[in-house]
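Quick notes on the structure that follows.
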Amino acid sequence: MESILFNEENIAILKEIISKYGGRPEGLIEVLHQAQEAFGYIPKDVLVEIARGLNVPLTRVYGVVTFYNLFTMVPKGKHTISVCLGTSCYVRGGKRIMEHVKDLLQIEDGGTTEDRRFSLDVVRCVGACALSPVVTVDDDVYSHVTVTKIPEILSKYE
Amino acid sequence: MREVSEVIIRSESDLDAVRAEVEAADSGYRYKLLVCLGAGCISSGSEAVRDALLEELGRRNLSEEIRVVGTGCIGCCGSGPVVLVQPDGVLYQGLKPEDAIDIIDGHILNGVFIERLLYKKPDDGDVVPLMKDIPFFKYQTKNLLRFCGQIDPTRIEEYIALDGYRALSKVLGSMTPEDVIEEIKSSKLRGRGGAGFPTGLKWSFTRTAKAEPKYVVANADEGDPGAFMDRCLLEGDPYSLIEGMAIAGYAIGAHKGYIYIRAEYPLAVNRLRQAIEQAKDWGLLGNDIMGSGFSFDIEMRMGAGAFVCGEETALLASIEGKRGVPRPRPPFPAEKGVWGKPTALNNVETLANVPMIIREGAEWFSGFGTGKSGGTKMYSLAGDVKNTGLIEVPIGTEMGRIIYNIGRGCREKKDFKAVQSGGPSGGCIPKEHLSVRVDYETLDELGAIMGSGGLVVMDEDTCMVDIARYFLEFCLSESCGKCTPCREGFLRMLEILERITTGEGKEGDIERLEELAHIIVDTALCGLGRTGPNPVLSTIRYFRDEYEAHIKYKKCPAGVCEALFDSPCQNACPAGLDTHGYVALISEGRFGEALSLIRERNPFPSVCGRICTHPCEFKCRRGETDDPVALRLLKRFVSEYVSAAPRSYQRSSNGVRVAVVGSGPSGLTAAYHLAMMGYETTVFEALPVAGGMMAVCIPDYRLPKDVLNAEIEAIHELGVEIKTNQRLGEDFTFDSLFGQGFKAVYLAVGAQRSRALGIQGEDLEGVYKGLRFLMDVNLGEKIELGEKVVVIGGGSTAIDSAKSAIRLGASEVTVYYRREREDMTATDEEITEAENEGVRFRFMVVPTKILGEGGKAAQMLCAQLRPGEFDSSGRRRPVPVEGQEFTVDIDSVIVAVGQTTDLSFFTNEGEVSTTKFGTIIVDEDTMETSKTGVFAGGDVIRGPATVVEAIADGIKAASAIDKFLGGSGKLVEVTRKKARIDEIPFDLEAEIVEQRRVEAPLLPPEERVLGFREVEQGYTLNDVIEEAKRCLHCDRKLME
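Taken in order, these protein sequences are the chains called A and B. Going by my numbering, the first sequence opens with residue 3, and the numbers climb by one from there. Going by my numbering, the second sequence opens with residue -8, and the numbers climb by one from there.
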């Protein structure tokens, strides 16, 4: 696991985030959200700081980080591709799209490409079911996706 | 945009003042252009459309007169981006930024609607400009969603102007907490999250709980895949929830509320945050609301991607910063909720309904809905349905109305199979139950649940076993892991389903699944566990035959479970033809081998290449990109290019005699295979010609007789004896055949009796039965039809009768059908070609009487029909419209309303067991009837079906008879050298480019009607190779 807190700037950012909930265990999930937003992932050294700052046992922090799908302790790719496999997207061919993306990028679900360009995730529903099958890349949502459109979509991201 | 000043609201008259100010600010605008900025439309590009409108208006200096408003979800998500032009009420859809100019030029400046951007009715292409007239909206009741899509969700003053916060004002000014609870109770509002617990009751429990402080929690963790209503509501009208929560707080005695919202909804999170800030700024949230002394504050909490956190106790744990693990109840949240204090935890939709109930009154609210449940419900309609989006209808609305009137049915001519209601906790509703009035209890009875309101429509391409596996996999991965039934039980169930979908199902698997399911339902700790088995139980209940096909026959009828078939096209062919094989061979120009491959199973490639209903093409994956590969035409090409059978084939006889009764496709196919296996086969045919329906009922313009006879001749050349003018029951019987030394009999006499309409006048001269009419035409009989001919029916026989009538010289031929065009069983191609030839169609009509003059038909009395209730076929039963009978003058009537079997040849009653429909009962595996040694197949066991199914039965019967007589049942291969298909090169890396199907020429309509020349011309050599190369090679799987 790579470390985040090797420089002053990151340490300061983390301190700021924690300070809003200092000593309050119930703020754990909010703090984790903001830490992940700031750093892209939440490695052990960050967890240790959070545990200390919020007065929560490290095991509990670890339990929460690993329980919720959104949090990750390993760095992700520069761009995150999420293929929706909610019911509507599944029924409209989402599985084939997933297979195609996996094939194209040579990675598995949850994996990251060698050049760290893309990470691939399954998302269980982004709520755009009317436009299925849906694929999101970072904040961009693509609708009515077909296998033929995938290379074009991916080529937009460096 | 003219600003409305922020003001601290202290009274109702303050609200009035805001409204007046908003109305004044708006009054200066000639038009308001409402652009949907719901998440769905944003991803379709609506922000660019809004920007284009603003830019164009700016350029023309119209910004002071025309207002552009970004609103929340209007609902028709599948047709976005959309713009609603007020005050006209005109809706434009499917917009691109460049359309902005047309809208402003045409509509705004010149009052002319832009037709190409309006909704078009699918049947006649008429445009429907006004949103309220569009079926998708017409059949809805937007009560809760009345703000969504109408207001700018970032401006609280617009909410106030449309009566927002009147309810809270009324509550704080003139109602006690008990009054509020009573009102909610009498409204019959029930929890909209899915369980349907009466909201008023829940609040009164929370109020009477002793501990302090109390809390209100809104569950905005809409985790059901397929549900997006709450999302749309929060993005488009965040204020209703906030007002509702404040009222709830007042009612139960709470001063703090939490909104728990899933992280996957960033836009909704932002709009809520903004709305909360605004409400605070305007004195409508926080301390001393409206000067009443009542304080209520709201904090937002985000989820982090855990479905289980939609469960109430898991959600509360998550608010407390812990893992979302449920705990046992009692105590319920009303007694011990967040921080161990009494909590009213309600779904977003439930709370958002509250202001409306207070304002309009409980009686008004409960007027919508049923006796047990008041109000309307939001649904997200998605999946294989034409109109996807956000809808709202009263509780108790018929499911068929939602799917068909609002949703417009399934896409691309696919058949409806089921609708999943309630997500992973719910169940499927099959077409037999489309008449169900959707309510909590009615859905429970059917094994489904109301759930949060996600409705996912599934068509015939969905495998219900695969769907069950999909939901189970979801539940297992979202299980918190705390209790054994859920954690271990789902795993075991999933293992069984994995085995079934990969061809390793075992006898007893279904029972094991049911047993596990019931144990988990009874013992799991929380809602996720207790409802997780529902999709499995539900699919077993309604689609048990699909499970059995997977387990017993290792077959996936829907063509989804890839381990059970090579390619979807082969899987769909009832005769099991190696479709992908012959397509690959054709693409290489190896036509002879392609034909041999086809003839390994099907001795009628010329026939099928012309008239097959091609179920293979409906499953062709190429069809998902552009058009399915033209498998039928490919088959036709090789059947013409290469001469029929390899004449050099020698077969040896085993001396055993088998009789076949009926020389239709089923009988002759069986005879073909039996002869190949070495049997001395004799076919007995009642008519003077061989070929059954293929010969006498399919007109020459679809299937020239010389083509058919060549293939029959090829079967004869194998040594099959065909005896015509031999009728079962008159010239021979089963026993006489056995007496002559035949060891087995295959009965394939079809279903040749025409159904009657059962109306007065059917026996008049000039009234023909469809099959009889076609037979007469085919055998060259002279028929005087006159000028005005009406054909009654909707299948191929009706269409062929109509086309034949035109060719015989009738000048006015109309087909009358009792349902709609899309319900006709004839193929699209057939119907369109009939129209091109001048046949007219009239739908939703039925004849009630035929009147004669001098014994000859002269007039027909008819009833106009309208769609009534949904029946068990999943379609609306047509019912007559009062007072709309009409009369038409006719010269001839051809009745083609279906066929039944004619079993008059049975000499003894009960010699062979039949169903009450008159079809013969056979063993599913051996095809043997109740009489030993007599087998049956084709229409006589299925009722009227297709040629390819008859051929499939013939193949199966030959194999079964061989086994019966001591053989292995294996078919004999025609080719000596099996075509080496795997040698054919295939480029894995090739990109799939859109390329539509190659058209095959048809005779021009003017030429066709002059006679009975074949209409379809078939492919040229270059065309056929190009078409074959469009195949995606679905059978090629990567070997690890």
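Quick reminder that beta carbons are idealized off the backbone N, C-alpha and C, glycines included.
Own chain, CB closer than 7 Å to T115 of chain A, minus 5 neighbours either side, in chain order: Indexing the first sequence from 1 puts residue 115 of chain A at position 113. Once the five neighbours on either side are set aside, the close Cβ partners of T115 of chain A are G79, L107, I109.
Quick one: grab the DSSP three-state call for Q36 of chain A. Reading the first sequence from its first residue, position 34 is the one you call residue 36 of chain A. Looking at Q36 of chain A - three-state DSSP - the assignment turns out to be helix.
Measure the beta-carbon distance from P838 of chain B to Y808 of chain B and round it to whole angstroms, keeping in mind my assumption that it falls under 8 Å. As a position in the second sequence, residue 838 of chain B is number 847, starting the count at 1. As a position in the second sequence, residue 808 of chain B is number 817, starting the count at 1. Their Cβ separation, rounded to whole angstroms, is 11 Å, which puts P838 of chain B and Y808 of chain B out of contact at 8 Å.
Out of B:D618, B:K205, B:A566, state which residue places its alpha-carbon closest to the alpha-carbon of P596 of chain B. Here residue 596 of chain B refers to the residue found at position 605 of the second sequence. Taking only the C-alpha atoms, the option nearest P596 of chain B is B:A566.
Going by beta-carbon coordinates alone, are G1061 of chain B and R94 of chain A separated by less than 8 Å? Outside the displayed span of chain B (-8 to 1031) sits residue 1061 of chain B, for which this structure offers no information.
Can you name the residues that DSSP bridges to T673 of chain B? Counting from one through the second sequence, the residue named residue 673 of chain B turns up at place 682. Its beta-bridge partners are B:A650, B:E712.
Would you call the CB atoms of I397 of chain B and P78 of chain B closer than 8 Å? Indexing the second sequence from 1 puts residue 397 of chain B at position 406. Indexing the second sequence from 1 puts residue 78 of chain B at position 87. Cβ distance not < 8 Å, so I397 of chain B and P78 of chain B don't count as in contact.
Can you pull the chain A residues whose beta carbon is under 7 Å from the beta carbon of Y230 of chain B, in chain order? Mapped onto the second sequence, residue 230 of chain B falls at position 239. Simply none; closest approach about 20 Å.
Drop a sphere of 10 angstroms on the beta-carbon of K969 of chain B, count the other beta-carbons inside from all chains shown, and report buried for 16 or more, exposed for fewer. For the purposes of this step, residue 969 of chain B is taken as residue 978 along the second sequence, with counting starting at 1. Below a pLDDT of 50, predicted positions are generally treated as unreliable, and K969 of chain B, at 48, falls in that range; no measurement from the model is reported.
Counting only Cβ-Cβ distances shorter than 7 Å, please list the residues of the segment 240 to 267 of chain B near chain A, keeping chain order. A254, E255, Y256
What did DSSP end up calling S597 of chain B once you bin it into helix, strand or coil? Residue numbering aside, residue 597 of chain B sits at position 606 when the second sequence is read from its first letter. S597 of chain B: helix per DSSP, three-state reduction.
For the alpha helix (DSSP H) that M347 of chain B lies in, which residues bound it at each end? Here residue 347 of chain B is taken as the residue at index 356 of the second sequence, counted from 1. From DSSP, the alpha helix (DSSP H) with M347 of chain B extends over 339 to 351.
Residues of chain B with CB closer than 8 Å to the CB of A132 of chain A, please, in chain order. In the first sequence, residue 132 of chain A corresponds to position 130, counting from 1. Chain B residues near A132 of chain A: G31, C68, G69, F219, S371, L372, A373, T379, G380, L381.
Pull out every residue of the segment 19 to 48 of chain B whose Cβ sits closer than 7 Å to any Cβ of chain A, in chain order. A30, G31, S34, S35
Quick check: the Cα distance between S639 of chain B and L586 of chain B, rounded to an integer number of angstroms? Indexing the second sequence from 1 puts residue 639 of chain B at position 648. Indexing the second sequence from 1 puts residue 586 of chain B at position 595. Below a pLDDT of 50, predicted positions are generally treated as unreliable, and S639 of chain B, at 49, falls in that range; the measurement from the model is reported next regardless. Their Cα atoms are separated by approximately 15 Å.
Step through the CB atoms of chain B and report whether any lies within less than 8 Å of the CB of H35 of chain A. One-based indexing of the first sequence puts residue 35 of chain A at position 33. Closer than 8 Å to some Cβ of chain B, the Cβ of H35 of chain A qualifies, so yes.
Do the CB positions of G240 of chain B and N337 of chain B come within less than 8 Å of each other? Taking the first residue of the second sequence as 1, we reach residue 240 of chain B at position 249. Taking the first residue of the second sequence as 1, we reach residue 337 of chain B at position 346. No, these two residues do not count as a Cβ contact at 8 Å.
Which same chain residues, not among the five before or five after S35 of chain B, have their C-beta less than 7 Å away from its C-beta? To locate residue 35 of chain B, count along the second sequence from 1; it is residue 44. Result list for S35 of chain B: G71, P72, in chain order.
Residues bridged to V118 of chain B [DSSP beta-bridge criterion]: Residue 118 of chain B sits at position 127 when you count from the first residue of the second sequence. DSSP, once it has assigned bridges, lists B:K111 as partnering V118 of chain B.
Euclidean distance between Cα positions of S2 of chain B and K271 of chain B: Position 11 of the second sequence, counting from 1, holds the residue named residue 2 of chain B. Position 280 of the second sequence, counting from 1, holds the residue named residue 271 of chain B. If you take the alpha carbons of S2 of chain B and K271 of chain B, they lie about 15 Å apart.
Do I440 of chain B and C477 of chain B count as a contact pair if the criterion is CB distance below 8 Å? Along the second sequence, read from residue 1 onward, the residue named residue 477 of chain B stands at position 486. Along the second sequence, read from residue 1 onward, the residue named residue 440 of chain B stands at position 449. Not closer than 8 Å, so no.
Contact set between G494 of chain B and chain A, taken where Cβ atoms lie within less than 9 Å: Numbered from its first residue, the second sequence carries residue 494 of chain B at position 503. Going along chain A, no residue has its Cβ under 9 Å from G494 of chain B, so there is no contact; the nearest lies around 18 Å.
Given a threshold of 16 other Cβ atoms within 10 Å of its Cβ, counted over all protein chains shown, does Q141 of chain B qualify as buried or as exposed? Within the second sequence, residue 141 of chain B is the residue found at index 150, counting from 1. That one is buried.
Taking the C-alpha atoms as reference points, what is the distance between S18 of chain B and E(-6) of chain B? Residue 18 of chain B sits at position 27 when you count from the first residue of the second sequence. Residue -6 of chain B sits at position 3 when you count from the first residue of the second sequence. C-alpha separation (whole angstroms): 13 Å.
Give me the DSSP bridge partner(s) of S371 of chain B. Against the second sequence, residue 371 of chain B aligns to sequence position 380. B:L381, B:G445.
For M293 of chain B, which beta-bridge partners are listed by DSSP? The count along the second sequence starts at 1 and reaches residue 293 of chain B at position 302. In DSSP, M293 of chain B forms a bridge with B:I252.
Hey, quick one: how far does the beta strand (DSSP E) through N57 of chain A stretch, first residue to last? Your numbering for residue 57 of chain A matches position 55 in the first sequence. It is not in any beta strand (DSSP E) - N57 of chain A carries neither H nor E in the DSSP assignment.
On the three-state DSSP scale, how would you describe K969 of chain B? Start at 1 with the first residue of the second sequence, and residue 969 of chain B comes out as number 978. Caution applies to K969 of chain B, whose pLDDT of 48 falls short of 50 and renders its modelled position unreliable; the model cannot decide the point.
Within 8 Å, strictly: CB atoms of A848 of chain B and V884 of chain B: Your numbering for residue 848 of chain B matches position 857 in the second sequence. Your numbering for residue 884 of chain B matches position 893 in the second sequence. A contact, by the Cβ cut-off of 8 Å.
Cβ-based contacts, 9 Å cut-off: residues of the segment 421 to 454 of chain B near chain A: G445, V447, V448, M449, D450, D452, T453
Any Cβ of chain A within less than 8 Å of the Cβ of Y461 of chain B? Within the second sequence, residue 461 of chain B is the residue found at index 470, counting from 1. Chain A, which has a Cβ nearer than 8 Å to the Cβ of Y461 of chain B, makes this yes.
Could you check if E1031 of chain B is buried or exposed, using at least 16 other CB atoms within 10 Å of its CB as the buried criterion? For the purposes of this step, residue 1031 of chain B is taken as residue 1040 along the second sequence, with counting starting at 1. Low confidence applies to E1031 of chain B: its pLDDT is 34, below 50, so where it sits in the model is not reliable, and the reading given next is rough at best. So E1031 of chain B ends up on the exposed side.
Would you report the Cα separation of T724 of chain B and A943 of chain B, rounded to the nearest angstrom? Indexing the second sequence from 1 puts residue 724 of chain B at position 733. Indexing the second sequence from 1 puts residue 943 of chain B at position 952. Rounded to the nearest angstrom, the two C-alpha atoms are 26 Å apart.
With contact counted as at least three CB pairs below 8 Å, one residue from each stretch, are the segment 854 to 874 of chain B and the segment 770 to 789 of chain B in contact? no
Specify the secondary structure class of M1030 of chain B as computed by DSSP and reduced to three states. Numbered from 1 along the second sequence, position 1039 holds the residue referred to as residue 1030 of chain B. Caution is warranted here: a pLDDT of 44 is assigned to M1030 of chain B, below 50, making its placement in the model unreliable, and no coordinate value can be reported.
Roughly how many angstroms separate the alpha carbons of R119 of chain A and P77 of chain A, rounded to a whole number? On the first sequence, residue 119 of chain A is found 117 positions in, with the first residue counted as 1. On the first sequence, residue 77 of chain A is found 75 positions in, with the first residue counted as 1. Rounded to the nearest angstrom, the two C-alpha atoms are 11 Å apart.
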